[in-house]
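J.: My questions all concern the structure below.
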Amino acid sequence: MLVLMIYVTIFVLAYVIYQAVAGRSSKKVGFNARKTVTFGDESAVTANRAASVISVVSIFLIWGAFTGSNLTPIHVPGPFVGKTSFTYTATNAENQTDDGTVHINVAKVGNDSKKPTLPESGQSGFAKDDALKVGAWRSALIRVQNNDDGGKIKGYRVTAINGQAIAPNQMVEVADGVVSMTSKGSLSFAPSKGWQMEPIWLPAPEAIVTRLFEISRDGYQNVALSENIGWSLFRVVVGFLLGSLVGIPLGYAMGLNDWFRGWFDPIVEFMRPIPPLALIPLVIIWFGIWEQGKISLLFLAALWIMTISARAGVSGVNISKVHAAYSLGASKLQILLHVIIPNSLPEIFTGARVAMGVCWGTVVAAELVAAEKGAGKMIIAASKFQQTDIVIMGIILIGIIGFGIDILMRMAESVLVPWKGKG
Amino acid sequence: MADEKQSSLLIDNISMTFNLPDGSSVEALKDVSLGLATGELLSVLGPSGCGKTTLLNIIAGFLAPTGGQIILNDHQVQGPAPERGMVFQRGALFEWMSVRKNVGFGPAMKGVPEKQIRTRVDELLEIVGLHDFGDKAVYELSGGMQQRVALARCLANDPDVILMDEPLGALDALTREKMQGLVLKLWKETGKTIILITHSVEEALLLGERLLVMAPRPGRIHKEYHLPFAEMGVDADLREVKKHGDYGSKREEILSMIWEMEEEIMGRKE
Ligand SMILES: Nc1ncnc2c1ncn2[C@@H]1O[C@H](COP(=O)(O)OP(=O)(O)OP(=O)(O)O)[C@@H](O)[C@H]1O
Ligand SMILES: [Mg+2]
Chain X
1 MLVLMIYVTI FVLAYVIYQA VAGRSSKKVG FNARKTVTFG DESAVTANRA ASVISVVSIF
61 LIWGAFTGSN LTPIHVPGPF VGKTSFTYTA TNAENQTDDG TVHINVAKVG NDSKKPTLPE
121 SGQSGFAKDD ALKVGAWRSA LIRVQNNDDG GKIKGYRVTA INGQAIAPNQ MVEVADGVVS
181 MTSKGSLSFA PSKGWQMEPI WLPAPEAIVT RLFEISRDGY QNVALSENIG WSLFRVVVGF
241 LLGSLVGIPL GYAMGLNDWF RGWFDPIVEF MRPIPPLALI PLVIIWFGIW EQGKISLLFL
301 AALWIMTISA RAGVSGVNIS KVHAAYSLGA SKLQILLHVI IPNSLPEIFT GARVAMGVCW
361 GTVVAAELVA AEKGAGKMII AASKFQQTDI VIMGIILIGI IGFGIDILMR MAESVLVPWK
421 GKG
Chain P
1001 MADEKQSSLL IDNISMTFNL PDGSSVEALK DVSLGLATGE LLSVLGPSGC GKTTLLNIIA
1061 GFLAPTGGQI ILNDHQVQGP APERGMVFQR GALFEWMSVR KNVGFGPAMK GVPEKQIRTR
1121 VDELLEIVGL HDFGDKAVYE LSGGMQQRVA LARCLANDPD VILMDEPLGA LDALTREKMQ
1181 GLVLKLWKET GKTIILITHS VEEALLLGER LLVMAPRPGR IHKEYHLPFA EMGVDADLRE
1241 VKKHGDYGSK REEILSMIWE MEEEIMGRKE
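For the protein sequence lines, the chains are X and P, in the order given. Last residue of the first sequence: 423 in the numbering used here, with the numbers rising by one and none dropped. Last residue of the second sequence: 1270 in the numbering used here, with the numbers rising by one and none dropped.
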């Protein structure tokens, strides 16, 4: 909630500031800048580069601020770290009361820390001082009675913390934390957590970068990073190619022949709405969990998309073009080669982009279920060991690669079908 | 009829009835007959929906008529063939090919050697005034230029008859006038039989040795004119031709004829 509010605030603030700055230095150029109607004119709305940059930067800032990153200048309050103490008041069996102090050392988990040394003084009376060490974000039990004179005798009880009365199942806020009493009368101290996320929930950005370098150098569980990603990509490419190899001709046949259309229409229309992920269990039963199964799954994921886009490419041909070609003396085969196929290419490329995206998503999911190597396998293995940094690194890599695939496809498209949308 | 004997293109009693899915039927054409001699230039006018496009598609061989036949050079038309070239209003160029490839499409399909195609295409591009644009992509050309490419592509096949369905309909007035001059020039130079459908009375007058006015429901020939303006326009400025006294009176006559038909259609609808 808080994060969302901060994000919205940054959004609004950045917008206001940008408008003020851009408005003053109004050196807008180009045709779009001359348009007076922009609201509702989709072509006049281009992504504001400044907004994109600020958006990404602020995500990292918020991420950094809430994880205590070294990269960001401001942080939300972190967990308490350092020395603190509280005093407790105990009553013994003889109804005498005495105070004792608990000295606490709070340190980041993983940092070796020692219990604080107790001062020489303050050991008079039956309640003796105690020492405690706690990890940040954790809590620790302390049985203060253990070293107190008469602490083991029935009737001994702790009655107050820092002068505030306490009873079983109650708690008292002290400096830098909370002291609570269990139902059996032991004390438990939890240092204040602050607003930052524990690394096990969300590591700082630099931890993930460090982990990325580490993993790309040493691999993870004896598998190199490039090998993990390479296997995923390999499956996607093979599955996609097989799907296209079958799907495109099938789509053409469906667009050109009524028997094919009638035969495959029910199958395609039935298979189309089934998400490939829903096929995983069946594919595992049929083909097992190894390569054959995953590639069959990706093949199925790509197949219907490519079939449908090839079919749409054929039916999208302007009939005038076909008529013109016939009038110019082209045979059916020539019409297919010189008119129908080139005319359907833009549609097929659009389909290919979608199919690649779906395949990439599907392969990661399939690897989550079962795989020896692969991007999905890496993150699911890491999650079992609560290596959140590897999980997040994997997710970011998967996103970047998916995005990269789409950009490559778009580049291929603009080189191979420059006439797209210009018919 | 003696007229039909010497005709190279004979439209013989053509009828076309479309059966609609709701069970009713439309008589798009009823008993349309017409003979055209080689080298004649015919323009066809008529209110929207009177069957002009249907007639042209039947001549081109894209539609089989429900009655009658089309005969070209003593052969019955069975389907599309390169002897009958077609120029569409728009959208019929192959945008994945260069201008040159578009124009050379017909000969290439026939397997004419590359070199021959090239000379022929260069010739045609010169004629339509696009010699510098051979290697451009068609989508880089303006609408008027694209129609020139379509004309050149049609001519490259050396058809006997050229069929045009509102070929200049999508162009602006100025480009359109230039293109009208080009059509007349090509007609005279190539001696082709041309049938041109248009919505513009002026264009029909200028580009028709013969002018056919069609009437709707059922689609039929309403009136035929023989006009001198096309012949005049070959050598003279088209604007000069329009100043001719006869031109104005014919224009008024045909305009009011079509207006009447349109009004009749509206009246029947109510
Ligand atoms: N495929 C078809 N199915 C049913 N009716 C059709 C079909 N094609 C044309 N028609 C009907 O035939 C009639 C003639 O149509 P056509 O397209 O030939 O008219 P047109 O004279 O070319 O009109 P316009 O000037 O608007 O182009 C119209 O009433 C039309 O509704
Ligand atoms: Mg029409």
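All residues carry an ideal CB built from backbone N, CA and C; glycine is no exception.
Taking a Cβ distance cut-off of 8 angstroms, strictly less, list which residues of the region 1100 to 1115 of chain P are near chain X, in chain order.
T.: Taking 8 angstroms as the Cβ-Cβ cut-off against chain X, the residues of the region 1100 to 1115 of chain P that qualify are F1105, G1106, M1109 and K1110.
J.: So X/R157 and X/A204 are in contact, right, with Cβ under 8 angstroms, and what is the actual spacing, rounded?
T.: Between X/A204 and X/R157 the Cβ distance is about 43 angstroms, and since that is not below 8 angstroms, they are no contact.
J.: Going by beta carbon distance, what residues of the same chain come within less than 6 angstroms of X/N420, once the five residues before and after it are set aside?
T.: According to the sequence displayed, residue 420 of chain X carries Lys and not Asn. Same-chain partners within the cutoff: P346.
J.: Rounded to a whole number of angstroms, what is the C-alpha to C-alpha distance between P/G1046 and P/V1138?
T.: So the alpha carbons of these two residues sit roughly 32 angstroms apart.
J.: CB-CB under 7 angstroms to P/E1262, same chain, minus the five flanking residues each way: which ones, in chain order?
T.: Around P/E1262: P1047.
J.: From X/G163, X/K152, X/S183 and X/W360, pick the residue whose C-alpha is nearest to that of X/L141; which is it?
T.: For X/L141, the nearest C-alpha among the options comes from X/S183.
J.: Consider the Cβ of X/Y252: report whether some Cβ of chain P lies at a distance smaller than 8 angstroms.
T.: Output row for X/Y252: interface = no.
J.: Can you check DSSP and say which residues form a bridge with P/I1162?
T.: Partner(s): P/G1085 and P/I1194.
J.: Please decide whether P/A1002 counts as near chain X, where near means a Cβ-Cβ distance under 8 angstroms.
T.: Its pLDDT being 38, under 50, P/A1002 is placed unreliably by the model, and nothing is read from it.
J.: According to the neighbour-count rule (16 or more other Cβ atoms, all chains shown, within 10 Å of its Cβ), is P/M1001 buried or exposed?
T.: Model confidence at P/M1001 stands at a pLDDT of 41, short of 50, so the residue's coordinates are unreliable; what they give is reported in the following sentence. P/M1001 comes out exposed.
J.: Can you give the beta carbon distance from X/I395 to X/I379, rounded, assuming they're within the 8 angstroms contact cut?
T.: The pair is a contact, with the Cβ atoms about 7 angstroms apart (cut-off 8 angstroms).
J.: Consider the C-beta atom of P/G1091 and the heavy atoms of ligand 1; say whether any pair is separated by less than 7 angstroms.
T.: No; taking the cut-off as 7 angstroms, the Cβ of P/G1091 has no heavy atom of ligand 1 nearer than that.
J.: Using a Cβ cut-off of 8 angstroms, which residues of the region 334 to 346 of chain X contact any Cβ in chain P, in chain order?
T.: Those would be Q334, H338, V339, P342, N343 and L345, in chain order.
J.: Examine the Cβ distances between the region 33 to 43 of chain X and the region 168 to 177 of chain X and report whether three or more of them are shorter than 8 angstroms.
T.: No, the region 33 to 43 of chain X does not touch the region 168 to 177 of chain X.
J.: Quick check on DSSP: helix, strand or coil for P/M1001?
T.: Reliability fails at P/M1001, whose pLDDT of 41 lies under 50, so the model's placement of it is uncertain and the value that follows must be treated cautiously. DSSP places P/M1001 in coil when its eight states are reduced to three.
J.: Just the C-alpha distance for X/M411 and X/L242, rounded to the nearest angstrom, thanks.
T.: Rounded to whole angstroms, X/M411 to X/L242 spans 22 angstroms at the Cα level.
J.: Below 9 angstroms on C-beta distance, what does X/S327 contact in chain P?
T.: The answer, in chain order, is A1060, G1061, F1062, P1080, A1081, P1082, R1084, G1085, M1086, G1106, C1154, N1157, P1159 and L1163.
J.: Taking DSSP as the reference, what is the three-state secondary structure of X/Y156?
T.: Here X/Y156 sits in coil by DSSP.
J.: Counting only Cβ pairs nearer than 7 angstroms, list the residues of chain P close to X/A324.
T.: By Cβ distance, chain P contributes M1086, F1088 and A1092.
J.: On the CB-based measure, 16 or more other CB atoms within 10 Å of its CB, does X/S338 come out buried or exposed?
T.: For the record, residue 338 of chain X in the displayed sequence is His; it is not Ser. By the neighbour-count rule (16 or more Cβ atoms within 10 Å), X/H338 is buried.
J.: Which whole-angstrom value describes the C-beta separation of X/G402 and X/G357, a residue pair presumed to lie in contact below a C-beta threshold of 8 angstroms?
T.: At roughly 6 angstroms, the Cβ-Cβ gap stays under 8 angstroms, so X/G402 and X/G357 are in contact.
J.: Quick one: what's P/F970 bridged to in DSSP?
T.: A question about residue 970 of chain P goes unanswered here, because the residues of chain P that appear run from 1001 up to 1270.
J.: In angstroms with no decimal places, state the Cα-to-Cα distance between P/E1004 and P/D1074.
T.: Its pLDDT being 45, under 50, P/E1004 is placed unreliably in this model, and the value from its coordinates should be taken loosely. Their backbone Cα atoms lie some 11 angstroms apart in a straight line.
J.: Cβ closer than 7 angstroms: which chain P residues qualify as neighbours of X/A330?
T.: Going along chain P in sequence order, the residues near X/A330 (Cβ under 7 angstroms) are M1109.
J.: Run through chain P and tell me which residues come within less than 8 angstroms of X/N318, C-beta to C-beta.
T.: Neighbours of X/N318 on chain P, chain order: G1091 and A1092.
J.: Below 8 angstroms on the Cβ atoms is my contact criterion, and I expect X/V81 with X/A107 to pass it. Report the Cβ-Cβ distance as a whole number of Å.
T.: The Cβ separation is near 6 angstroms, so the contact holds.
J.: Quick check: the Cα distance between P/L1010 and P/L1155, rounded to an integer number of angstroms?
T.: One C-alpha to the other measures close to 21 angstroms.
J.: For P/G1051 and P/D1022, I'd like the C-alpha separation in whole angstroms.
T.: P/G1051 and P/D1022: Cα-Cα distance of roughly 20 angstroms.
J.: By the 10 Å Cβ neighbour count, where 16 or more other Cβ atoms means buried, how is X/T101 classified, buried or exposed?
T.: Buried: at least 16 other Cβ atoms inside 10 Å.
J.: Apply the 10 Å Cβ neighbour rule to P/G1267 and answer buried if 16 or more other Cβ atoms are within range, or exposed otherwise.
T.: By the neighbour-count rule (16 or more Cβ atoms within 10 Å), P/G1267 is not buried but exposed.
J.: For P/K1030 versus P/R1220, is the C-beta distance shorter than 8 angstroms?
T.: In contact: P/K1030 and P/R1220 (Cβ atoms closer than 8 angstroms).
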